[in-house]
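Whatever position you read off the sequence shown (first residue = 1), add 576 for my numbering.
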Amino acid sequence: MIDFIEGIVESKAPGELVISAAGVGYLLQCSNSTLAEAPAKGEKWRCYAVLNVREDAMELFGFASRQERAMFRRLCQVTGVGAKTALGVLSALSLRDLSVAIVMGDVTALSRAPGIGKKTAQRIVLELKDKVEQQDVSAPSGAAPVSAVAGSVEREAQAALQALGYTSAEAARAVNLVRDQATTVDQIIMLALRQMGSL
């Protein structure tokens, strides 16, 4: 299994890049966001990888972060979503926007991705919403733990914010600031994201 490839960027083209490592040029299919983060030709870079083996081909996919790779794998687990479609979704939406769309059940936003119709978008929400919300929410030392936020609605909102990339302390602080202004998880998330300047 290939975890990552670290080497020199040889070339960048729409949807793909080539990294030279130990005398081998690896062709990686990438999302637009990964291509945007990749440095210019000739510079050293680490790219996280997924090797997709099919009956008729082997494909190598590259990602700028472990988080994007994890989302790619989740998308590929959704019924009717293949590797190319999953990459298209990650190209159409940033990782954070995609996570928000899944948590909020925003089928319209998901449907904007190539190859994603309304039914597929609904399946993505149905099959991934809990997986996005129930990420590891253990608090680092000195951060506010989830239990510091009273009520299951607040805890769910905090967990969802952490799944979007915020620290436990940031999520707890934002939820505490808006918890009296809303009664549902979705409302708290929206208000918290506004509070943190993400919307």
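The beta carbon of each residue, even a glycine, is placed where N, CA and C say it ideally should be.
* How big is the Cα-Cα spacing for I678 and L604? -> The residue labelled residue 678 in the question sits at position 102 within the sequence shown. The residue labelled residue 604 in the question sits at position 28 within the sequence shown. Each residue's alpha carbon lies about 26 angstroms from the other.
* To do: Inspect the beta-carbon positions of R650 and L740 and report whether they are closer than 7 angstroms.
  => Residue mapping note: residue 650 aligns to position 74 of the sequence shown, counting from 1. Residue mapping note: residue 740 aligns to position 164 of the sequence shown, counting from 1. No; because the gap between Cβ atoms is not below 7 angstroms, this pair is not in contact.
* **Cutoff 8 angstroms; reference K707; Cβ partners in own chain excluding five residues on either side** => Locating residue 707 in the sequence shown gives position 131, counting from the first residue. Same-chain partners within the cutoff: R650.
* Supposed contact pair A750 and A768 - C-beta distance, whole angstroms, cut 8 angstroms -> Here residue 768 refers to the residue found at position 192 when the sequence shown is read from its first residue. Here residue 750 refers to the residue found at position 174 when the sequence shown is read from its first residue. Contact holds; Cβ gap of about 4 angstroms.
* Leaving out the 5 sequence neighbours to the left and right, which residues in its chain are closer than 8 angstroms to T655 when beta-carbon positions are compared? -> Within the sequence shown, numbered from 1, the residue matching residue 655 stands at position 79. Cβ within range, chain order: R699, E703.
* Asked: Is L593 near A612, with beta carbons less than 7 angstroms apart?
  -> Along the sequence shown, one-based indexing puts residue 593 at 17. Along the sequence shown, one-based indexing puts residue 612 at 36. Not closer than 7 angstroms, so no.
* Asked: Hey, K620 and I584: beta-carbon distance below 7 angstroms or not?
  -> The residue labelled residue 620 in the question sits at position 44 within the sequence shown. The residue labelled residue 584 in the question sits at position 8 within the sequence shown. Cβ distance < 7 angstroms, so K620 and I584 count as in contact.
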